[in-house]
Amino acid sequence: MVEIELKFQLPESKKKSVLQALKPKTAQKIRLQAKYYDTTERLLAQNHMAIRLRQEGDHWVQTFKASGKNHLERIEHEVHLGQCDVEPELNLELFSENKVVKDLLDQVLGEQQQLMLQFKTDVQRTFKIFSIDETDIEVCLDDGIVSAAELSEKICEVEFELKQGSPEQLILFTQDWVKKYQLWLDVRRKAERGNLLSVQQKASSAVKAKSLILSKKDSPDAAIRKMVSNTLQQLLPNVAVIADGVADPEHIHQARIAIRRMRSIFKSFKSWSEDIDPLWEPQLKQIFQALGTTRDLDVVRDEILPELLKADAPFQNLPETAIIDEQLHLLFQKTETMCLLLQLLAFTYHEQTNHKESSKLKKKIEKSLNQLHQNIIHDADHFSQLEVEVRHRTRKRCKRLRYCIEFVSSLYDGKSVKKYVKQLQAVQDKLGLYNDLHVTEQVFSQSADQQAEYWFAVGWSKAKQQQLLHESEQALKKLADIKVFW
Numbered sequence: 001m002v003e004i005e006l007k008f009q010l011p012e013s014k015k016k017s018v019l020q021a022l023k024p025k026t027a028q029k030i031r032l033q034a035k036y037y038d039t040t041e042r043l044l045a046q047n048h049m050a051i052r053l054r055q056e057g058d059h060w061v062q063t064f065k066a067s068g069k070n071h072l073e074r075i076e077h078e079v080h081l082g083q084c085d086v087e088p089e090l091n092l093e094l095f096s097e098n099k100v101v102k103d104l105l106d107q108v109l110g111e112q113q114q115l116m117l118q119f120k121t122d123v124q125r126t127f128k129i130f131s132i133d134e135t136d137i138e139v140c141l142d143d144g145i146v147s148a149a150e151l152s153e154k155i156c157e158v159e160f161e162l163k164q165g166s167p168e169q170l171i172l173f174t175q176d177w178v179k180k181y182q183l184w185l186d187v188r189r190k191a192e193r194g195n196l197l198s199v200q201q202k203a204s205s206a207v208k209a210k211s212l213i214l215s216k217k218d219s220p221d222a223a224i225r226k227m228v229s230n231t232l233q234q235l236l237p238n239v240a241v242i243a244d245g246v247a248d249p250e251h252i253h254q255a256r257i258a259i260r261r262m263r264s265i266f267k268s269f270k271s272w273s274e275d276i277d278p279l280w281e282p283q284l285k286q287i288f289q290a291l292g293t294t295r296d297l298d299v300v301r302d303e304i305l306p307e308l309l310k311a312d313a314p315f316q317n318l319p320e321t322a323i324i325d326e327q328l329h330l331l332f333q334k335t336e337t338m339c340l341l342l343q344l345l346a347f348t349y350h351e352q353t354n355h356k357e358s359s360k361l362k363k364k365i366e367k368s369l370n371q372l373h374q375n376i377i378h379d380a381d382h383f384s385q386l387e388v389e390v391r392h393r394t395r396k397r398c399k400r401l402r403y404c405i406e407f408v409s410s411l412y413d414g415k416s417v418k419k420y421v422k423q424l425q426a427v428q429d430k431l432g433l434y435n436d437l438h439v440t441e442q443v444f445s446q447s448a449d450q451q452a453e454y455w456f457a458v459g460w461s462k463a464k465q466q467q468l469l470h471e472s473e474q475a476l477k478k479l480a481d482i483k484v485f486w
């Protein structure tokens, strides 16, 4: 019922090498021709579900799929139709005996049971099962196309499906293949790619963070694994879109948020598990910094530049020196980046330690939150006199505190949390705008000597920063006076 697999995109140049690794003389081959169905409103796709009819060799299979608890797991139910003299028609009644599937379909489709063909896939699959430490893993190379109406896209993917054994072993097994064949992780399913093609859209909307529910019975070790898993749920789909070269600024923004959330975990809660690699946080920092320049320029262009134009700025665009191509897709195709993501994913599945420490969870939370809170309010009385870098440190601490609170808030009274977060958000808003203006000053000052009109933006930014310094200091003082909820 639950399918556990990882899917990677394969460079065309490495396809022959992967075929050799599958040992062609012993590997199996099969042609898979699938038709995917949905309502005209695409209700299934909107709810991360898919229904297909697939011819597998000379047999037919009707399949339902839905998202699982994370990007490694999928709910799957197959109805084998066997050999058919004529092509079978889709029949939702075939799912009626499976209560889970029936309930999901009733919830999403209601009375609207009429589904229409949306797109097709035609794939030549080469596959082989590898056995390692009592774990059986099916490795599949899928080579073919996905098509919708007159449009089509190439499919060249490697899937690793767990047939028996440990999910952690599956994840670790894929790392050798990533290193050898330059695979990059892609959590987007064929159904998602086909649906995007059918509506002529390059990418799904950016994925935002979802709420995390912790249990009072969780040990600190269990809690931090849940936090990392929650963050990967946000990070991986945005990373896949960036790696594919079809991201918009919001995908980059949400990827940065996810990485900052992950770094917050490892900075504030790293003592909660013995399995945390101290190299993870600095590696995440490097990726974050690579994303940073692009995001900063997006903010200046989309949010600050319109304000400058309202103030009658004598220019219309950013300086040419600020227009850069970071080629971010290469960053998320890199073997080092992929291995880091796989290590983090394996961490969420690793057998937990310190099961009996649930009573210590709140104590550890309170210690971490107290330290952050005290560090922030320490700067409240003299914030406007601090060096610029120290002010930015305070801003980063506020963000980290906010993310840490979001991870643990389910364990505390909602009203008390909301009251504290409201004032913390007020501080963040002021400091965030101050930072945006500081970046704006830097962007324009680099070109002001060559183009004098840019001095307007430099002076405007500095004046706004001075005003925000006072407002930020007042917001910090209010935060210092508020009662903490932990």
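Note that the sequence shown covers residues 1 to 486 in the UniProt record's numbering. Virtual Cβ for every residue (Gly too), placed ideally from N, Cα, C.
Self-check item: Segment contact flag, the region 46 to 54 with the region 132 to 145, C-beta cutoff 8 Å, min 3 pairs
Solution: no
Quiz prompt | For T121, the residue or residues it bridges with in DSSP | solution = A34, V146
Practice problem: Go through the region 183 to 258 residue by residue and report every complete run of the beta strand (DSSP E) that reaches 3 residues or more, in order. | Solution: none
Quiz prompt | Among L331, P88, S219, nearest to E274 - alpha-carbon criterion | solution = S219
Quiz item: Helix, strand or coil for I482 per DSSP?
Solution: coil
Quiz prompt | Sequence-distant residues of the same chain with beta carbon closer than 6 Å to Q333, five excluded per side | solution = W184, A243
Practice problem: Please confirm if the region 171 to 183 is in contact with the region 200 to 210, defined as three or more CB-CB distances below 8 Å between the two stretches. | Solution: no
Self-check item: Cβ-based burial, E320 [other Cβ within 10 Å; buried from 16]
Solution: exposed
Practice problem: Compare the C-alpha of S368 against each of H350, F407, F383, T335 and name the closest. | Solution: F407
Quiz item: Of the residues H251, H350, N230, which one's Cα is nearest the Cα of N238?
Solution: H251
Self-check item: Pairwise C-alpha distance: C84 and E78
Solution: 16 Å
Self-check item: Local Cβ density within 10 Å of S215, reported as buried at 16 or more and exposed below that
Solution: exposed
Practice problem: Kindly list the residues whose CB is nearer than 6 Å to the CB of S461, restricted to its own chain and excluding five residues on each side of it in sequence; keep chain order. | Solution: L437, T440, E441
Quiz item: Counting Cβ pairs, one atom from each stretch, are 3 or more of them under 8 Å apart for the region 411 to 421 and the region 387 to 398?
Solution: no
Quiz item: Does DSSP classify S273 as helix, strand or coil?
Solution: coil
Exercise. Would you mind working out which of Q283, A380, A311, K360 sits nearest M338, comparing C-alpha positions?
Key: Q283
Practice problem: Go through its chain and collect everything with a Cβ distance to V187's Cβ below 6 Å, but skip five positions before and after it. | Solution: H71, L236, P237, A240
Quiz item: By the 10 Å Cβ neighbour count, where 16 or more other Cβ atoms means buried, how is G144 classified, buried or exposed?
Solution: buried
Exercise. Please list the segments of the alpha helix (DSSP H) lying wholly inside the region 437 to 483, counting only runs of 4 or more residues, in order along the chain.
Key: 455 to 481
Quiz item: Hey, K120 and S147 are a contact pair by Cβ (cut 8 Å); roughly how many whole angstroms apart?
Solution: 5 Å
Quiz prompt | Minimum Cβ-Cβ distance from T174 to chain C less than 8 Å | solution = Although the question refers to chain C, the structure presented lacks it and comprises just one protein chain.
Exercise. Please state whether DSSP places T39 in a helix, a strand or coil.
Key: coil
Practice problem: Taking 8 Å as the threshold, find out whether the region 218 to 232 comes into contact with the region 339 to 348 through three or more Cβ pairs. | Solution: yes
Quiz item: Does DSSP put H350 in a helix, a strand or coil?
Solution: coil
Quiz item: Who does C140 pair with in a DSSP beta bridge?
Solution: F127, E159
Quiz item: Taking the continuous beta strand (DSSP E) assigned at S67, which residues delimit it?
Solution: 59 to 67
Practice problem: Tell me whether the beta-carbon of T174 lies closer than 8 Å to the beta-carbon of L341. | Solution: no
Practice problem: Inspect the beta-carbon positions of F266 and E281 and report whether they are closer than 8 Å. | Solution: yes
Quiz item: Nearest to P249 by CA position, among N370, F485, V299, is which residue?
Solution: V299
Quiz item: Comparing alpha-carbon positions, which option in E134, Q169, K190 lies nearest K154?
Solution: K190
Quiz prompt | Residue span of the alpha helix (DSSP H) that contains F288, given as start and end | solution = 280 to 299
Quiz prompt | Stretch pair the region 54 to 67 + the region 85 to 99: three plus CB contacts closer than 8 Å | solution = yes
Quiz prompt | Short Cβ contact (8 Å threshold) for K179 with T335 | solution = yes
Quiz item: If you draw a straight line from the C-alpha of E134 to the C-alpha of Q164, how long is it?
Solution: 8 Å
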